[in-house]
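In what follows, a structure is listed as C-alpha coordinates, so that the remarks can point back to it.
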Amino acid sequence: MALLENLAKAAVQSCEIDKELYNKYNVKRGLRNADFSGVLVGLTNIGDVVGYTKDADGNIKPAHGELYYRGYEITQLTHGFQSDGRHGFEETAFLLLSGKLPTTQELKEFTDIIKLEQELPFSLSKNLILSLRGRCIMNMLARTVLGLYTDDDDAENYSPENLIKQSISLIARFPVIVAYAYFGMRHSFQRKSLVIRHPNPDLSLAENFLYMLKGEKYLKLEADLLDLALVLHAEHGGGNNSSFTTRVVSSAQTDTYSAIAAALGSLKGGLHGGANIKVINMMTNIKENVKHWTDEKEVKAYLLKLLKKDAFDKTGKIYGIGHAIYTLSDPRCVLLKEKARLLAKEKGLEAEYNLYELIERLAPETFYEFKGPQAKIVCANVDFYSGFVYQCIGLPEELYTPIFAMARVAGWTAHRIEEVTSSARIIRPAYKNVGERSEYVTLNKR
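With the sequence shown counted from 1, adding 65 to any position gets you my numbering.
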(Lines of atoms letter the chains of each structure in order from A and count residues from 1; the text may use other names and numbers.)
(Lines give C-alpha, C1' and ligand atoms only; values in the text may rest on other atoms or scores of the structure.)
Protein backbone atom coordinates (compact mmCIF):
# COMPACT_ATOMS: atom_id res chain seq x y z
CA MET A 1 0.00 0.00 0.00
CA ALA A 2 2.87 2.35 0.74
CA LEU A 3 4.10 1.87 -2.83
CA LEU A 4 0.67 2.77 -4.20
CA GLU A 5 0.52 5.91 -2.08
CA ASN A 6 4.01 6.94 -3.19
CA LEU A 7 3.17 6.25 -6.82
CA ALA A 8 -0.02 8.30 -6.51
CA LYS A 9 1.89 11.25 -5.01
CA ALA A 10 4.54 11.00 -7.71
CA ALA A 11 1.90 10.84 -10.42
CA VAL A 12 0.18 13.97 -9.14
CA GLN A 13 3.49 15.84 -8.84
CA SER A 14 4.51 14.82 -12.36
CA CYS A 15 1.24 16.21 -13.72
CA GLU A 16 1.69 19.67 -12.23
CA ILE A 17 1.87 22.36 -14.92
CA ASP A 18 2.29 26.07 -14.25
CA LYS A 19 -1.02 27.71 -15.17
CA GLU A 20 0.82 30.70 -16.63
CA LEU A 21 2.23 28.44 -19.35
CA TYR A 22 -1.26 28.06 -20.79
CA ASN A 23 -1.37 31.81 -21.38
CA LYS A 24 2.21 31.92 -22.61
CA TYR A 25 1.56 29.37 -25.34
CA ASN A 26 -2.03 30.51 -25.99
CA VAL A 27 -3.47 27.10 -25.11
CA LYS A 28 -7.27 26.97 -25.38
CA ARG A 29 -8.04 24.87 -22.31
CA GLY A 30 -11.16 22.79 -22.80
CA LEU A 31 -11.09 23.97 -26.42
CA ARG A 32 -12.68 27.21 -25.18
CA ASN A 33 -11.69 30.74 -26.17
CA ALA A 34 -11.10 33.46 -23.59
CA ASP A 35 -14.69 34.71 -24.07
CA PHE A 36 -15.95 31.16 -23.34
CA SER A 37 -16.97 30.51 -26.94
CA GLY A 38 -15.88 27.21 -28.45
CA VAL A 39 -12.77 26.82 -30.59
CA LEU A 40 -13.83 26.04 -34.16
CA VAL A 41 -12.48 22.56 -34.97
CA GLY A 42 -14.83 21.26 -37.66
CA LEU A 43 -17.81 21.73 -39.94
CA THR A 44 -21.18 19.97 -39.83
CA ASN A 45 -24.56 19.91 -41.54
CA ILE A 46 -26.30 18.13 -38.65
CA GLY A 47 -27.02 20.46 -35.74
CA ASP A 48 -26.60 24.10 -34.87
CA VAL A 49 -26.69 25.68 -31.41
CA VAL A 50 -27.19 29.45 -31.21
CA GLY A 51 -26.95 31.19 -27.85
CA TYR A 52 -25.47 34.60 -28.63
CA THR A 53 -24.38 36.91 -31.42
CA LYS A 54 -21.13 38.85 -31.88
CA ASP A 55 -20.81 42.50 -32.79
CA ALA A 56 -18.33 43.98 -35.27
CA ASP A 57 -15.62 44.01 -32.60
CA GLY A 58 -16.16 40.34 -31.75
CA ASN A 59 -17.90 41.02 -28.44
CA ILE A 60 -20.55 38.52 -27.38
CA LYS A 61 -24.14 39.77 -27.29
CA PRO A 62 -26.70 37.66 -25.37
CA ALA A 63 -29.62 36.25 -27.37
CA HIS A 64 -32.49 33.86 -26.89
CA GLY A 65 -31.36 30.35 -27.69
CA GLU A 66 -32.05 28.52 -30.90
CA LEU A 67 -31.43 24.87 -31.74
CA TYR A 68 -31.56 23.46 -35.26
CA TYR A 69 -31.69 19.86 -36.45
CA ARG A 70 -30.62 19.72 -40.10
CA GLY A 71 -31.76 23.33 -40.49
CA TYR A 72 -35.14 22.82 -38.82
CA GLU A 73 -35.71 24.93 -35.71
CA ILE A 74 -36.48 22.71 -32.71
CA THR A 75 -39.64 24.58 -31.65
CA GLN A 76 -41.18 24.26 -35.11
CA LEU A 77 -40.16 20.62 -35.28
CA THR A 78 -41.67 19.65 -31.92
CA HIS A 79 -44.83 21.71 -32.32
CA GLY A 80 -45.22 20.12 -35.74
CA PHE A 81 -45.55 16.52 -34.59
CA GLN A 82 -47.32 17.53 -31.37
CA SER A 83 -50.03 19.30 -33.37
CA ASP A 84 -50.65 15.99 -35.17
CA GLY A 85 -51.06 14.27 -31.79
CA ARG A 86 -48.18 11.86 -32.41
CA HIS A 87 -44.73 11.12 -31.06
CA GLY A 88 -41.74 12.57 -32.87
CA PHE A 89 -38.54 10.81 -31.84
CA GLU A 90 -38.57 8.35 -34.73
CA GLU A 91 -39.14 11.20 -37.18
CA THR A 92 -36.32 13.16 -35.54
CA ALA A 93 -33.94 10.20 -35.83
CA PHE A 94 -34.82 9.87 -39.54
CA LEU A 95 -34.15 13.59 -40.02
CA LEU A 96 -30.79 13.48 -38.26
CA LEU A 97 -29.61 10.43 -40.20
CA SER A 98 -30.88 11.41 -43.65
CA GLY A 99 -30.89 15.20 -43.59
CA LYS A 100 -34.54 15.45 -44.58
CA LEU A 101 -37.99 15.03 -43.06
CA PRO A 102 -39.62 11.71 -43.99
CA THR A 103 -42.74 11.28 -46.06
CA THR A 104 -45.59 9.32 -44.51
CA GLN A 105 -44.44 6.16 -46.27
CA GLU A 106 -40.77 6.67 -45.39
CA LEU A 107 -41.63 7.23 -41.72
CA LYS A 108 -43.73 4.05 -41.66
CA GLU A 109 -40.95 1.98 -43.23
CA PHE A 110 -38.34 3.51 -40.92
CA THR A 111 -40.50 2.81 -37.86
CA ASP A 112 -41.13 -0.75 -39.03
CA ILE A 113 -37.35 -1.35 -39.23
CA ILE A 114 -36.94 0.02 -35.70
CA LYS A 115 -39.62 -2.36 -34.42
CA LEU A 116 -37.89 -5.32 -36.06
CA GLU A 117 -34.50 -4.31 -34.66
CA GLN A 118 -35.69 -3.93 -31.07
CA GLU A 119 -35.49 -7.64 -30.28
CA LEU A 120 -32.08 -8.53 -28.86
CA PRO A 121 -30.29 -11.79 -29.64
CA PHE A 122 -31.11 -14.17 -26.75
CA SER A 123 -27.47 -14.98 -26.04
CA LEU A 124 -26.63 -11.29 -25.80
CA SER A 125 -29.46 -10.36 -23.44
CA LYS A 126 -28.81 -13.44 -21.29
CA ASN A 127 -25.03 -13.34 -21.06
CA LEU A 128 -24.19 -9.64 -21.19
CA ILE A 129 -27.20 -8.14 -19.42
CA LEU A 130 -28.94 -10.71 -17.24
CA SER A 131 -26.01 -12.89 -16.19
CA LEU A 132 -23.07 -10.48 -16.11
CA ARG A 133 -24.89 -7.74 -14.19
CA GLY A 134 -23.53 -4.48 -12.88
CA ARG A 135 -24.46 -1.59 -10.64
CA CYS A 136 -23.99 1.08 -13.33
CA ILE A 137 -26.43 0.93 -16.23
CA MET A 138 -24.27 3.20 -18.40
CA ASN A 139 -21.38 0.75 -18.09
CA MET A 140 -23.69 -2.16 -18.86
CA LEU A 141 -24.99 -0.29 -21.89
CA ALA A 142 -21.46 0.37 -23.19
CA ARG A 143 -20.46 -3.24 -22.57
CA THR A 144 -23.51 -4.53 -24.42
CA VAL A 145 -22.90 -2.19 -27.36
CA LEU A 146 -19.41 -3.68 -27.70
CA GLY A 147 -21.02 -7.12 -27.49
CA LEU A 148 -23.25 -6.26 -30.46
CA TYR A 149 -20.09 -6.17 -32.56
CA THR A 150 -19.83 -9.94 -32.28
CA ASP A 151 -23.39 -10.33 -33.59
CA ASP A 152 -22.72 -8.18 -36.67
CA ASP A 153 -21.13 -10.03 -39.60
CA ASP A 154 -20.47 -6.67 -41.29
CA ALA A 155 -19.24 -4.80 -38.23
CA GLU A 156 -16.25 -3.32 -40.10
CA ASN A 157 -18.17 -2.46 -43.27
CA TYR A 158 -17.97 1.30 -43.90
CA SER A 159 -20.49 1.51 -46.74
CA PRO A 160 -23.21 4.17 -46.21
CA GLU A 161 -25.91 1.49 -46.34
CA ASN A 162 -24.26 -0.53 -43.60
CA LEU A 163 -23.61 2.53 -41.45
CA ILE A 164 -27.31 3.44 -41.67
CA LYS A 165 -28.28 -0.14 -40.84
CA GLN A 166 -26.04 -0.16 -37.76
CA SER A 167 -27.33 3.25 -36.70
CA ILE A 168 -30.99 2.26 -36.85
CA SER A 169 -30.25 -0.95 -34.98
CA LEU A 170 -28.53 0.94 -32.14
CA ILE A 171 -31.33 3.52 -31.92
CA ALA A 172 -33.88 0.70 -31.70
CA ARG A 173 -31.97 -1.40 -29.19
CA PHE A 174 -30.82 1.20 -26.68
CA PRO A 175 -34.17 1.40 -24.82
CA VAL A 176 -34.38 -2.40 -24.60
CA ILE A 177 -30.82 -2.75 -23.32
CA VAL A 178 -31.39 -0.01 -20.73
CA ALA A 179 -34.66 -1.54 -19.48
CA TYR A 180 -33.16 -5.04 -19.22
CA ALA A 181 -29.99 -3.72 -17.56
CA TYR A 182 -32.08 -1.83 -15.01
CA PHE A 183 -34.07 -4.89 -13.99
CA GLY A 184 -30.91 -7.00 -13.90
CA MET A 185 -29.24 -4.42 -11.65
CA ARG A 186 -32.12 -4.09 -9.21
CA HIS A 187 -32.64 -7.87 -9.05
CA SER A 188 -28.98 -8.46 -8.18
CA PHE A 189 -28.27 -5.49 -5.93
CA GLN A 190 -31.66 -4.34 -4.62
CA ARG A 191 -33.24 -7.80 -4.14
CA LYS A 192 -36.26 -6.91 -6.31
CA SER A 193 -38.17 -8.90 -8.91
CA LEU A 194 -36.60 -9.59 -12.28
CA VAL A 195 -39.11 -8.47 -14.91
CA ILE A 196 -38.42 -8.87 -18.61
CA ARG A 197 -40.98 -7.67 -21.14
CA HIS A 198 -40.53 -8.02 -24.86
CA PRO A 199 -41.00 -4.80 -26.87
CA ASN A 200 -44.53 -4.23 -28.16
CA PRO A 201 -44.50 -3.56 -31.94
CA ASP A 202 -47.66 -1.45 -31.67
CA LEU A 203 -45.97 1.19 -29.52
CA SER A 204 -43.65 4.11 -30.21
CA LEU A 205 -40.10 3.96 -28.90
CA ALA A 206 -40.98 6.18 -25.92
CA GLU A 207 -44.11 4.16 -25.12
CA ASN A 208 -42.18 0.92 -25.44
CA PHE A 209 -39.62 2.04 -22.90
CA LEU A 210 -42.32 2.86 -20.35
CA TYR A 211 -44.08 -0.41 -21.16
CA MET A 212 -40.92 -2.43 -20.58
CA LEU A 213 -40.48 -0.66 -17.23
CA LYS A 214 -44.08 -0.41 -16.01
CA GLY A 215 -46.20 -2.72 -18.10
CA GLU A 216 -49.36 -0.92 -19.14
CA LYS A 217 -49.40 1.28 -16.01
CA TYR A 218 -48.29 4.53 -17.59
CA LEU A 219 -50.17 7.64 -18.66
CA LYS A 220 -50.34 9.00 -22.19
CA LEU A 221 -49.00 12.31 -20.87
CA GLU A 222 -45.99 10.48 -19.39
CA ALA A 223 -45.21 8.93 -22.77
CA ASP A 224 -45.68 12.30 -24.48
CA LEU A 225 -43.21 13.95 -22.09
CA LEU A 226 -40.65 11.17 -22.48
CA ASP A 227 -40.91 11.37 -26.27
CA LEU A 228 -40.40 15.13 -26.09
CA ALA A 229 -37.37 14.69 -23.82
CA LEU A 230 -35.86 12.22 -26.29
CA VAL A 231 -36.35 14.65 -29.16
CA LEU A 232 -34.79 17.53 -27.21
CA HIS A 233 -31.73 15.45 -26.21
CA ALA A 234 -31.19 13.81 -29.60
CA GLU A 235 -28.60 16.27 -30.91
CA HIS A 236 -26.69 19.34 -29.78
CA GLY A 237 -24.02 20.10 -32.35
CA GLY A 238 -20.67 18.47 -32.95
CA GLY A 239 -18.89 20.25 -30.12
CA ASN A 240 -20.61 18.65 -27.13
CA ASN A 241 -18.23 16.25 -25.42
CA SER A 242 -19.84 12.95 -26.39
CA SER A 243 -20.54 13.88 -30.02
CA PHE A 244 -16.98 15.20 -30.35
CA THR A 245 -15.77 11.94 -28.81
CA THR A 246 -17.75 10.05 -31.46
CA ARG A 247 -16.08 12.06 -34.19
CA VAL A 248 -12.57 11.77 -32.73
CA VAL A 249 -12.80 7.99 -32.39
CA SER A 250 -14.53 7.58 -35.76
CA SER A 251 -11.80 9.62 -37.47
CA ALA A 252 -9.37 6.84 -36.55
CA GLN A 253 -11.50 4.47 -38.69
CA THR A 254 -12.69 2.24 -35.90
CA ASP A 255 -16.00 0.37 -35.99
CA THR A 256 -19.40 1.84 -35.13
CA TYR A 257 -19.77 -0.07 -31.87
CA SER A 258 -16.40 1.08 -30.51
CA ALA A 259 -17.19 4.69 -31.42
CA ILE A 260 -20.58 4.62 -29.69
CA ALA A 261 -19.14 2.87 -26.62
CA ALA A 262 -16.60 5.69 -26.37
CA ALA A 263 -19.41 8.26 -26.59
CA LEU A 264 -21.21 6.46 -23.75
CA GLY A 265 -18.08 6.73 -21.64
CA SER A 266 -18.08 10.47 -22.25
CA LEU A 267 -21.77 10.92 -21.47
CA LYS A 268 -21.40 8.96 -18.23
CA GLY A 269 -19.15 11.71 -16.89
CA GLY A 270 -20.62 13.91 -14.20
CA LEU A 271 -19.81 17.08 -16.13
CA HIS A 272 -21.83 15.92 -19.14
CA GLY A 273 -24.70 13.47 -18.71
CA GLY A 274 -25.40 13.51 -15.00
CA ALA A 275 -26.33 17.16 -14.51
CA ASN A 276 -30.06 16.61 -13.98
CA ILE A 277 -29.35 14.26 -11.07
CA LYS A 278 -27.35 17.05 -9.43
CA VAL A 279 -30.34 19.35 -9.95
CA ILE A 280 -32.65 16.82 -8.24
CA ASN A 281 -30.27 16.47 -5.27
CA MET A 282 -29.92 20.24 -4.99
CA MET A 283 -33.69 20.74 -5.12
CA THR A 284 -34.17 18.13 -2.40
CA ASN A 285 -31.73 20.09 -0.27
CA ILE A 286 -33.54 23.37 -0.99
CA LYS A 287 -36.94 21.88 -0.13
CA GLU A 288 -35.52 20.66 3.18
CA ASN A 289 -33.98 23.99 4.14
CA VAL A 290 -36.40 26.57 2.73
CA LYS A 291 -39.55 26.59 4.86
CA HIS A 292 -41.73 28.78 2.66
CA TRP A 293 -41.38 27.78 -0.99
CA THR A 294 -43.29 30.82 -2.25
CA ASP A 295 -41.30 33.39 -0.24
CA GLU A 296 -39.01 35.05 -2.78
CA LYS A 297 -36.72 36.58 -0.17
CA GLU A 298 -36.20 33.27 1.61
CA VAL A 299 -35.60 31.36 -1.62
CA LYS A 300 -33.20 34.01 -2.93
CA ALA A 301 -31.30 34.04 0.37
CA TYR A 302 -30.73 30.29 0.08
CA LEU A 303 -29.60 30.60 -3.54
CA LEU A 304 -27.06 33.14 -2.35
CA LYS A 305 -25.84 30.63 0.25
CA LEU A 306 -25.34 28.12 -2.58
CA LEU A 307 -23.25 30.63 -4.52
CA LYS A 308 -21.21 31.47 -1.41
CA LYS A 309 -20.44 27.76 -0.93
CA ASP A 310 -22.29 27.76 2.39
CA ALA A 311 -24.96 25.21 1.45
CA PHE A 312 -25.63 21.85 -0.24
CA ASP A 313 -22.35 20.48 -1.72
CA LYS A 314 -20.48 23.78 -1.24
CA THR A 315 -19.29 23.98 -4.84
CA GLY A 316 -20.70 27.46 -5.40
CA LYS A 317 -22.99 26.20 -8.16
CA ILE A 318 -26.72 26.42 -8.76
CA TYR A 319 -27.15 23.28 -10.83
CA GLY A 320 -29.26 23.59 -13.96
CA ILE A 321 -28.49 27.29 -14.26
CA GLY A 322 -25.99 28.37 -16.91
CA HIS A 323 -24.75 26.83 -20.15
CA ALA A 324 -21.64 26.92 -22.32
CA ILE A 325 -23.54 28.49 -25.24
CA TYR A 326 -27.03 29.60 -24.22
CA THR A 327 -27.35 33.00 -22.52
CA LEU A 328 -30.91 34.38 -22.32
CA SER A 329 -32.74 31.06 -22.78
CA ASP A 330 -32.32 27.39 -23.64
CA PRO A 331 -35.02 26.42 -26.18
CA ARG A 332 -35.03 22.83 -24.89
CA CYS A 333 -35.82 24.10 -21.40
CA VAL A 334 -38.63 26.29 -22.75
CA LEU A 335 -40.23 23.39 -24.63
CA LEU A 336 -39.91 20.91 -21.77
CA LYS A 337 -41.36 23.44 -19.35
CA GLU A 338 -44.45 23.84 -21.57
CA LYS A 339 -45.47 20.25 -20.83
CA ALA A 340 -43.92 19.84 -17.39
CA ARG A 341 -46.59 22.01 -15.76
CA LEU A 342 -49.32 19.71 -17.14
CA LEU A 343 -47.62 16.61 -15.77
CA ALA A 344 -46.99 18.25 -12.39
CA LYS A 345 -50.69 19.13 -12.14
CA GLU A 346 -51.64 15.56 -13.06
CA LYS A 347 -49.33 14.20 -10.33
CA GLY A 348 -50.29 16.72 -7.64
CA LEU A 349 -46.81 18.27 -7.67
CA GLU A 350 -47.74 21.83 -8.52
CA ALA A 351 -46.05 23.24 -5.41
CA GLU A 352 -42.76 21.61 -6.43
CA TYR A 353 -43.17 22.86 -10.01
CA ASN A 354 -43.84 26.41 -8.79
CA LEU A 355 -40.64 26.25 -6.71
CA TYR A 356 -38.68 25.23 -9.81
CA GLU A 357 -40.22 28.09 -11.75
CA LEU A 358 -39.41 30.58 -8.98
CA ILE A 359 -35.78 29.42 -8.79
CA GLU A 360 -35.50 29.62 -12.58
CA ARG A 361 -36.51 33.30 -12.32
CA LEU A 362 -34.49 34.21 -9.23
CA ALA A 363 -31.25 32.30 -9.88
CA PRO A 364 -29.92 34.45 -12.76
CA GLU A 365 -30.46 37.75 -10.95
CA THR A 366 -28.94 36.30 -7.76
CA PHE A 367 -25.97 35.14 -9.81
CA TYR A 368 -25.49 38.63 -11.33
CA GLU A 369 -25.73 40.34 -7.95
CA PHE A 370 -23.19 37.94 -6.43
CA LYS A 371 -20.68 37.94 -9.31
CA GLY A 372 -20.95 41.62 -10.17
CA PRO A 373 -20.75 43.41 -13.57
CA GLN A 374 -18.33 40.86 -15.03
CA ALA A 375 -20.84 38.02 -14.53
CA LYS A 376 -21.62 35.83 -17.51
CA ILE A 377 -25.28 35.92 -18.63
CA VAL A 378 -26.95 32.71 -17.45
CA CYS A 379 -30.31 31.01 -17.83
CA ALA A 380 -31.94 27.71 -16.90
CA ASN A 381 -30.82 24.85 -19.12
CA VAL A 382 -32.64 21.66 -20.10
CA ASP A 383 -31.25 19.76 -17.11
CA PHE A 384 -33.11 22.06 -14.73
CA TYR A 385 -36.50 20.56 -15.59
CA SER A 386 -35.65 17.15 -17.13
CA GLY A 387 -34.95 15.44 -13.81
CA PHE A 388 -38.20 16.81 -12.39
CA VAL A 389 -40.07 15.46 -15.41
CA TYR A 390 -38.50 12.02 -14.96
CA GLN A 391 -39.46 12.11 -11.28
CA CYS A 392 -43.06 12.91 -12.21
CA ILE A 393 -43.07 9.99 -14.65
CA GLY A 394 -41.82 7.76 -11.84
CA LEU A 395 -38.42 6.92 -13.32
CA PRO A 396 -35.56 6.07 -10.93
CA GLU A 397 -32.41 8.22 -10.95
CA GLU A 398 -30.34 5.29 -12.25
CA LEU A 399 -32.10 5.75 -15.60
CA TYR A 400 -31.66 9.49 -16.09
CA THR A 401 -28.32 9.40 -17.90
CA PRO A 402 -29.17 6.21 -19.85
CA ILE A 403 -32.30 7.99 -21.14
CA PHE A 404 -30.01 10.79 -22.32
CA ALA A 405 -28.01 8.13 -24.18
CA MET A 406 -31.19 6.63 -25.69
CA ALA A 407 -31.85 10.02 -27.26
CA ARG A 408 -28.34 11.16 -28.15
CA VAL A 409 -27.41 7.95 -29.98
CA ALA A 410 -29.40 9.37 -32.91
CA GLY A 411 -27.09 12.38 -33.01
CA TRP A 412 -23.96 10.31 -32.37
CA THR A 413 -24.61 8.00 -35.29
CA ALA A 414 -25.37 10.94 -37.57
CA HIS A 415 -22.07 12.58 -36.61
CA ARG A 416 -20.22 9.31 -37.11
CA ILE A 417 -21.57 8.94 -40.63
CA GLU A 418 -20.67 12.55 -41.45
CA GLU A 419 -17.16 12.14 -40.02
CA VAL A 420 -16.24 8.95 -41.88
CA THR A 421 -17.80 10.00 -45.19
CA SER A 422 -16.79 13.66 -45.44
CA SER A 423 -13.63 14.24 -43.42
CA ALA A 424 -11.28 11.31 -44.09
CA ARG A 425 -8.59 12.76 -41.82
CA ILE A 426 -7.75 11.59 -38.31
CA ILE A 427 -8.34 14.22 -35.62
CA ARG A 428 -4.93 14.87 -34.15
CA PRO A 429 -4.51 18.15 -32.21
CA ALA A 430 -1.18 19.18 -30.69
CA TYR A 431 0.03 19.20 -27.08
CA LYS A 432 3.20 21.16 -26.31
CA ASN A 433 5.58 19.40 -23.94
CA VAL A 434 6.76 21.71 -21.14
CA GLY A 435 8.57 19.09 -19.07
CA GLU A 436 12.31 19.12 -18.40
CA ARG A 437 14.77 16.83 -20.21
CA SER A 438 16.52 14.19 -18.06
CA GLU A 439 19.56 11.96 -18.46
CA TYR A 440 19.06 8.22 -17.92
CA VAL A 441 20.51 6.85 -14.64
CA THR A 442 21.25 3.15 -14.34
CA LEU A 443 19.21 1.17 -11.84
CA ASN A 444 22.04 0.57 -9.35
CA LYS A 445 22.73 4.32 -9.09
CA ARG A 446 19.20 5.57 -8.42
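By construction, the Cβ of each residue, glycine as well, lies at the ideal position given by its N, Cα and C atoms. Everything numeric in this text was worked out from a predicted model, so none of it was measured.
If you look at Ile-351, you'll find it in the alpha helix (DSSP H) that goes 340-354. Fewer than three beta-carbon pairs drawn from the stretch 151-161 and the stretch 207-218 are found closer than 8 Å, and the two stretches are therefore not classed as touching. Judged by DSSP secondary structure, Gly-145 falls outside any beta strand (DSSP E) and instead within the alpha helix (DSSP H) spanning 139-148. Cβ-Cβ distances below 7 Å link Val-499 to Ile-82 and Leu-86 in the same chain, with the five nearest sequence neighbours on each side left out; the list follows chain order. In this structure, Tyr-391 is the residue among Tyr-391, Arg-406, Pro-438 and Ala-479 with its C-alpha nearest to the C-alpha of Tyr-117. Straight across, the Cα-Cα distance linking Pro-127 with Leu-108 is about 23 Å.
In this structure, the beta-carbon distance from Leu-336 to Ser-307 does not fall below 9 Å. Across the structure, Tyr-223 and Thr-310 are spaced so that their CA atoms are roughly 19 Å apart.
Spanning the alpha carbons of Gln-183 and Leu-423 requires a straight line of approximately 41 Å.
For secondary structure counted as the beta strand (DSSP E) over 3 or more consecutive residues, the stretch 348-415 holds no complete run. The beta-carbon distance between Glu-300 and Ile-111, rounded to whole angstroms, is 6 Å. This is short enough to meet the 8 Å contact definition. A straight-line Cα-Cα distance of about 11 Å links Leu-414 and Val-454.
Residues of the same chain with a CB within less than 7 Å of the CB of Glu-131, apart from the 5 flanking positions on each side, are Val-115, Glu-138 and Pro-396 in chain order.
The beta carbon of Ile-345 is closer than 6 Å to those of Gly-452 in its chain, skipping five residues each way along the sequence. Rounded to the nearest angstrom, the gap between the Cα atoms of Ile-468 and Val-506 is 53 Å. Counting the other Cβ atoms within 10 Å of the Cβ of Ala-294 gives 16 or more, which makes it buried. Per DSSP, the continuous beta strand (DSSP E) segment holding His-129 begins and ends at 125-134.
Rounded to whole angstroms, the separation of the alpha carbons of Asp-216 and Lys-352 is 48 Å.
Taken through DSSP and simplified to helix, strand or coil, Lys-165 comes out as coil.
The stretch 428-443 and the stretch 470-486 do not touch, with fewer than 3 CB-CB distances between them shorter than 8 Å.
In the DSSP assignment, Tyr-322 falls outside any beta strand (DSSP E) and lies within the alpha helix (DSSP H) extending over 321-332.
Residue Leu-259 holds the alpha-carbon nearest to the alpha-carbon of Tyr-247 among Arg-238, Ile-236, His-298 and Leu-259. Taking 9 Å as the cut-off, the Cβ atoms of Thr-359 and Ser-232 do not count as close.
Distance from the CA atom of Leu-162 to the CA atom of Ala-121, rounded to whole angstroms, is 36 Å.
Annotation for Thr-118: no alpha helix (DSSP H) segment contains it, though the beta strand (DSSP E) segment containing it runs 112-119. Between the C-alpha atoms of Lys-343 and Tyr-384 there is a straight-line separation of about 6 Å.
In the displayed model, Gly-103 falls within a strand according to three-state DSSP.
By the Cβ criterion, the stretch 398-408 is in contact with the stretch 282-293, since at least three pairs of Cβ atoms, one from each stretch, lie closer than 8 Å.
Just so you know, the alpha carbons of Asn-350 and Lys-436 end up roughly 23 Å apart. For Gln-456, the enclosing alpha helix (DSSP H) starts and ends at 447-458. Counting along the chain, no alpha helix (DSSP H) covers Thr-215, and no H or E run does either. Out of Ala-326, Tyr-133 and Ile-179, the CA that lies nearest to the CA of Asp-113 is found in Tyr-133. In the displayed model, Arg-493 falls within coil according to three-state DSSP, outside both helix and strand.
With 16 or more other Cβ atoms inside 10 Å of its own Cβ, Leu-297 counts as buried. The closest CA to that of Asn-192, considering only Leu-290, Gly-145 and Leu-213, is found on Leu-213.
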